[in-house]
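Input: a single structure, listed below in structure tokens.
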Amino acid sequence: MTDFNRPLRSPLAIAQRPPRQTKYAAPPEVLWYSRCPVPTPLGMAVRMGWLEQEFRRDIIRLQAVPDDLEYNASVSYEEHHLYGSFRQGNNTAALWAKAWGADTLLVGLNWLDEAQLLLVREDSAIQSLADLAGKKLALPVSMRRIDAARASTMRGFTNILALAGVAESAVQFVDIEFAAIIGREFDEPVSAGYARLAEALQTGRVDAIFVKGAKGVELAAQPGFRQLYDLRQHPDPLVRANNSAPRPITVDAALWREHPQLVLRFLNRVLQVDDFARAHPDATAEYVAEESRSTVHWVRQAYGDDLHLKQNISLDPIALSALSHYKDFLFSRGFIPANFDLDHWVEPLPLRILQAERERRVATQLAAQRQTPSYQDAVASLW
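If you count by this note's numbering, then the sequence shown holds residues 14 to 396, one letter each, in order.
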């Protein structure tokens with residue numbers, strides 16, 4: 014299904030691959046970060062300038078990994094091989110990089126459910142999921158090594174068909190060229206792909222398409238389209254797990270081994286987004302709209318009015334199980350070159366350290382408040 018243009022590695026080969034040896038005496042001059050144009054706490058921390066502020070006194074530069082850099086840096090968006098690099102975004106690329114053999118660690122997850130919509134034509138005879146039997150379903154296809162859009166769509170369709178009791182062999186998948194804009198420059202359009210999917214649906218080339226996020230909700234509201242189902246509403250997180258849920262934050266393992274304080278400081282700033290978001294719901298929606306290249310209206314439709322309550326980073330067991338479930342799906346369909354044990358990828362220590370420090374700080378603040386005389390106590394003491 015996917016041409017990786019390289020020999021595939023077995024899980025055993027990945028497990029036996031020795032860690033990259035880097036022996037850097039001094040901290041790196043640059044900390045690299047990659048993110049997708051999707052809502053992530055990392056993206057919000059970048060937009061608010063927190064990461065740049067954190068490392069300014071160290072004379073450490075924060076640098077995004079756009080596609081227009083020299084090859085060795087830009088390809089790290091997929092392979093995550095740069096020393097001193099972090100990534101948070103859709104999970105297919107992170108899983109692909111680890112399966113390829115990247116020396117990375119999974120240090121946190123964010124789960125913000127987004128709309129996952131099955132759309133048909135407004136005048137379609139399809140009225141229920143069972144009616145998909147015998148129909149043509151659009152599968153986007155690109156020339157990239159990591160075809161995240163195709164993986165996400167295949168995952169959405171297979172889950173929907175399973176819910177309907179319709180066998181995959183009972184439908185016809187039709188390839189639709191998906192010209193996704195993958196560049197990290199945020200003044201570019203998010204994608205030309207949905208336009209081509211929409212055209213294929215409108216012209217009758219296919220009978221149903223799968224779209225997601227703010228752009229998907231916006232398309233569903235256009236005349237001529239009808240939403241048949243939203244996977245976001247399903248109660249089982251394993252069913253909702255897809256390319257965008259959960260979104261992992263990964264770090265170059267060598268940086269954690271050699272300069273763990275830099276990882277802790279970086280991750281701490283990302284964790285602070287949760288506190289900010291809870292106190293500023295409107296500002297959070299605006300940041301997410303900017304990050305998603307959309308509007309606040311469509312963002313709230315796609316992610317819910319409580320999106321400001323879902324900007325936390327954790328290693329929740331349910332989220333880890335869902336990510337592992339999606340990883341197995343990607344391997345079974347040929348989207349990643351090998352399978353691996355997710356438990357061996359997870360490094361829980363950074364979050365444990367930061368959470369313990371947070372609890373200590375909160376306890377100290379509460380103790381100080383108890384020791385500070387109240388206004389009434391101060392007045393009473395004068396008498």
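Think of the CB as a built atom: it goes at the ideal place given N, C-alpha and C, for glycine as much as any other residue.
Given the structure is predicted, the values throughout are model-derived calculations rather than measurements.
Report task. Note the first and the last residue of the continuous alpha helix (DSSP H) segment covering Phe279. Result -> Pro273 to Ala292
Open item on the list: What does the alpha-carbon distance come out to for the pair Trp311 and Glu127?
Closed with: 11 Å
Practice task
Could you tell me the distance, in whole angstroms, from the CA atom of Tyr46 to the CA atom of Ser141?
Solution key: 43 Å
What number of angstroms, rounded off, separates the C-alpha of Val184 from the C-alpha of Val219?
11 Å
**Asked** Just curious, the alpha helix (DSSP H) that Asn172 is in, first and last residue?
**Response** Ala161 to Ala177
Kindly indicate which residue of Lys149, Arg278 and Arg163 has the alpha-carbon position closest to the one of Thr216.
Lys149
Among Ala234, Asp249, Ala213 and Pro363, whose alpha-carbon lies nearest the alpha-carbon of Ser270? Position check: residue 270 holds Arg in this sequence, whereas Ser was assumed. Of the candidates Ala234, Asp249, Ala213 and Pro363, the one whose C-alpha sits nearest the C-alpha of Arg270 is Pro363.
Tell me which residue opens and which closes the alpha helix (DSSP H) that Ala106 is part of. Asn104 to Trp113
key: Leu333 vs Leu122 beta-carbon contact at 8 Å   = yes
With distance defined between alpha-carbon atoms, name the residue in Ala258, Pro294, Asp356 and Val252 nearest to His321. Pro294
Ala77 bridges to which residues according to DSSP?
-> Tyr46
Check your understanding: Should Ala375 be labelled buried (16 or more other beta-carbon atoms within 10 Å of its own) or exposed?
Key -> As written in the sequence, residue 375 is Val, which differs from the Ala given in the question. Val375 comes out exposed.
Give a yes or no on whether 8 Å exceeds the smallest Cβ distance from Arg168 to chain B.
-> No chain B is part of this structure, which consists of one protein chain only.
Strand pairing of Asp265, partner residues [DSSP] = Thr117
Item to complete: Since I believe Ala211 is in contact with Leu241 (beta carbons under 8 Å), could you give me their beta-carbon distance rounded to a whole number of angstroms?
Response: Going by Cβ atoms, the distance from Leu241 to Ala211 rounds to 15 Å, so no, they are not a contact pair.
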